[in-house]
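Residue numbers for the sequence shown follow my numbering, so the first one is 1 and each next one is one higher.
Glycine included, each C-beta is placed from N, C-alpha and C at the ideal position.
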Amino acid sequence: MANNGPAGYGLEDLLPHRPPMLIIGGIVEVDAEHAVTVNTVDPTWPMADREGVPSLIAVELAAQTAGICNGWVRIQTQGPASDQTGWLVAVKRAVFYAAHLPFGLELTVRAYNTLAFDKFREVSSRVHGDGRLLAEIVLQLYQP
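This is the structure:
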């Protein structure tokens with residue numbers, strides 16, 4: 001696992017998020033079409049309760065993983081000082097195969113750009129943990 005992105009760019013170079021909303025643990029792979037991240041379910045995450053977090057957090061993990069990919073494209077085309085702003089426009093589809101994610105569970109999130117039109121993207125994501133598929137998510141994003 002690498003916490004830094006390609007060419008030494010860190011998470012905060014690629015994403016507009018800052019703690020406590022920055023929940024990505026590390027970048028495994030990134031290019032113009034996809035990103036893979038690893039993340040350990042943590043008590044500091046939004047929506048945490050005594051036992052873990054609701055699987056709904058997978059939507060945010062998918063969005064941030066997609067943001068890693070799109071942030072890399074932004075840096076390549078506009079430079080590292082460019083505007084990091086981006087919005088989650090819609091959750092087109094979300095299927096959760098677990099209700100709750102326990103603390104300490106390591107999650108691997110894969111996000112693929114499946115459609116790009118002007119400043120809009122559609123992203124398909126899968127979240128795996130403990131050898132199981134935990135969520136499948138399709139998001140629509142806008143990045144000015």
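Start-to-end residues for the alpha helix (DSSP H) that takes in residue i
| i | result |
| --- | --- |
| residue 106 | Where residue 106 is concerned, there is no enclosing alpha helix (DSSP H), although the beta strand (DSSP E) it sits in stretches over 106-117. |
| residue 68 | 57-78 |
| residue 11 | 11-14 |
Alpha-carbon to alpha-carbon, residue j and residue i
| i | j | result |
| --- | --- | --- |
| residue 110 | residue 80 | 24 Å |
| residue 136 | residue 126 | 5 Å |
| residue 95 | residue 107 | 16 Å |
| residue 116 | residue 63 | 15 Å |
| residue 44 | residue 32 | 30 Å |
| residue 69 | residue 50 | 32 Å |
| residue 128 | residue 48 | 19 Å |
Beta strand (DSSP E) segment containing residue i, residue limits
| i | result |
| --- | --- |
| residue 87 | 87-96 |
| residue 136 | 132-142 |
| residue 34 | 34-40 |
| residue 129 | 120-129 |
| residue 8 | First-last for residue 8: undefined, no H or E at that position. |
| residue 100 | 100-102 |
DSSP bridge partner residues for residue i (one or two, in chain order)
| i | result |
| --- | --- |
| residue 25 | Answer is none; residue 25 lacks a bridge partner. |
| residue 54 | 100 |
Residue i classed as buried or exposed, judged by whether at least 16 other C-beta atoms fall within 10 angstroms
| i | result |
| --- | --- |
| residue 90 | exposed |
| residue 10 | exposed |
| residue 52 | buried |
| residue 29 | exposed |
| residue 60 | buried |
| residue 82 | exposed |
| residue 87 | exposed |
| residue 74 | buried |
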